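A short write-up of the structure that comes next.
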Amino acid sequence: MKKISILGSTGSIGTQTLDVVAMHPDSFEVDGLAAGSNTALLLEQVRRFKPKRVSVASKELADDIRTQLPAGVELYSGDEGLVQIAAGGDAEYVVTAVMGSVGLRSTLAAIEAGRDIGLANKETLVTAGHLVTEQIRRKGVKLLPIDSEHSAIFQCLNGESKGDIASITLTASGGSFRDLSREQLRDVTVEDALRHPNWAMGAKITIDSATMVNKGLEVIEAHWLFELPYEQIEVLLHPESIIHSFVEFRDSSIIAQLGNPDMRVPIQYALTYPGRWHSPAQRLSLAQAGRLTFREMDFARYPALKLAIECGKTGGTATTAFNAANEVAVARFLRREISFLRIEEILEEVLGRHPVQSHPSLEQIEECDRTVRALAQSL
């Protein structure tokens, strides 16, 4: 019986993680759940999975639900609540599925407490990859990727030598606007952007998919996860999202991981590694799929992806600034304050003004995050 805690339990990855737990009730026990503001769903999860510890976004929300929790359940709130769920209690495995850089400090706390990590919060490695990977090595814990692309690469590398890798390729669906020109993007709406053709995801990551920022963050994450230079990480447009990513080896062999788009598969593999358990995911029929198509990445069409990779190569707080500016810009777009193309412009303007710090401490990263958010909001 593996005891787990989930940071971001009411989000897309969090709810699907609990789907996996429900499919294997004799194998997993939920020790802690951390949610944001969706307290109605959290309370349902508490009744069903009976965690010992829960956390919500604010003290006010905690006060609202305190009397509705079963006796004996410990209640926390805010950033400190995330840390308590991540590092306190009896969990041996923590799924970090909160959205954005808010997951960094709690993930570091979980690693320090000796917990294995199922990583669905790519911003943790984007903003502080050097700190996280150093702490992983020092504590000797496992860091298992949950993003479908990184899970695919992880699976393709099973039993292989790192020295034999020629390149890894992350596939990209192209998002909601993959068939639109730059000119056609000028008048797209929030509703248009949220209609992802393949995946059911949260609003922020769906917008990131449309701008290709998400793929840029994934390239940076892959750099840290697999300890590869950016020159060995490529991106390929694959509209069907059947090949989730692949590895080419120096003998010219390519190993790919395929499957229908269903996040429960990589989530379950991260929870059960190295075992492969039964999954209710729909089986892939290549005959029914018929044809798989691919296109070279057009960096002129997706300038935010190019900018993300440039920030990754620069290192230091460049990636922190990129992520913080994007989180603010996407939130402003979702609030209908700015246009879709303005997201990319804000990224360029912020990074043009940002003085990069090399090898930043956690405090410097957090200060950079605060400063950049204020700037991105003011533009």
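Counting from 1, one number per residue, gives the positions in the sequence shown under UniProt numbering. Idealized CB from N, CA, C, for every residue including glycine. Quick caveat: nothing in here was measured; it's all calculated off a predicted structure.
Item	Value
Excluding the 5 residues preceding and the 5 following Leu-347 in the sequence, name in chain order all residues of the same chain whose CB lies nearer than 7 Å to its CB.	Ala-304, Leu-307, Phe-322, Ala-325, Asn-326, Ala-329
If we require 3 or more residues per run, which beta strand (DSSP E) segments fall completely within the segment 169 to 244?	233 to 237
With DSSP as the reference, label Ser-148 as helix, strand or coil.	helix
Specify, as a first and last residue, the run of the beta strand (DSSP E) that Arg-53 falls within.	53 to 56
Of the choices Ala-318, Ser-378, Gly-114, Gly-312, whose alpha-carbon is the least far from that of residue 425?	Because the chain here runs from 1 to 379, residue 425 falls outside it and cannot be looked at.
Please report the distance separating the alpha-carbon of Ala-193 from that of Ala-172.	16 Å
For my contact list, Lys-52 and Asp-31 are in at a C-beta cut-off of 8 Å; report their separation, rounded to the angstrom.	6 Å
For Arg-373, which residues of its own chain have a beta-carbon under 7 Å away from its beta-carbon, when the five flanking residues on both sides are left out?	Ala-324, Val-328
His-359: buried (16+ other C-beta within 10 angstroms of its C-beta) or exposed?	exposed
With DSSP run on the structure shown, which of helix, strand or coil describes Val-102?	coil
Just the Cα atoms here: how many angstroms apart are Lys-2 and Ile-111?	17 Å
For Leu-157 and chain B, any beta-carbon pair shorter than 8 Å?	No chain B appears in this structure, which consists of one protein chain only.
Quick check: Gly-103 and Thr-124, are their CB atoms within less than 8 Å of each other?	yes
Any idea what DSSP makes of Val-372, helix, strand or coil?	helix
For my contact list, Glu-149 and Ser-245 are in at a C-beta cut-off of 8 Å; report their separation, rounded to the angstrom.	4 Å
Taking contact to mean at least 3 C-beta pairs separated by less than 8 Å, is the segment 79 to 97 in contact with the segment 253 to 261?	no
Hey, Thr-10 and Asn-38: beta-carbon distance below 8 Å or not?	yes
For Glu-248, list the residues DSSP reports as bridge partners.	Ser-167, Ile-254
Compute the Euclidean distance between the alpha carbons of Thr-272 and Val-235, then round it to the nearest angstrom.	28 Å
Return yes when the Cβ of Asp-64 is within less than 8 Å of the Cβ of Tyr-93, no when it is not.	no
Going by Cα to Cα distance, which pick from Cys-311, Lys-122, Ser-106, Ala-113 is closest to Gly-100?	Lys-122
Under three-state DSSP, which class holds Ser-5?	strand
Would you report the Cα separation of Ser-27 and Gly-8, rounded to the nearest angstrom?	21 Å
Rounding to the nearest angstrom, what Cα-Cα distance links Val-350 and Gln-364 in this structure?	17 Å
Any chance you could list the alpha helix (DSSP H) runs of at least 4 consecutive residues sitting entirely within the segment 36 to 102, in chain order?	39 to 49, 59 to 65, 78 to 87
So what does DSSP say about Arg-295, is it helix, strand or coil?	strand
Give me the Cα-Cα distance between Glu-231 and Ser-252, rounded to the nearest whole angstrom.	17 Å
In terms of alpha-carbon separation, which member of Pro-355, Gly-352, Asp-208, Arg-295 lies closest to Leu-341?	Asp-208
Less than 8 Å separating the beta-carbons of Ile-13 and Ala-97?	yes
Per DSSP, what kind of secondary structure is Val-30 in: helix, strand or coil?	strand
Between which residues of its own chain and Arg-283 is the CB-CB distance below 8 Å, once the five residues before and five after are set aside?	Asn-260
Give the secondary structure of Leu-119 by DSSP, where H, G and I count as helix, E and B as strand, and everything else as coil.	strand
How many whole angstroms separate the CB atoms of Gln-268 and Val-20, which I take to be in contact at a CB cut-off of 8 Å?	5 Å
Runs of 4 residues minimum, wholly inside the UniProt domain "DXP reductoisomerase C-terminal" (258 to 374): which ones carry the alpha helix (DSSP H) assignment?	264 to 272, 286 to 289, 303 to 314, 318 to 334, 340 to 353
Identify which residue in Val-188, Ala-203, Glu-227, Ile-153 has its Cα closest to the Cα of Arg-137.	Glu-227
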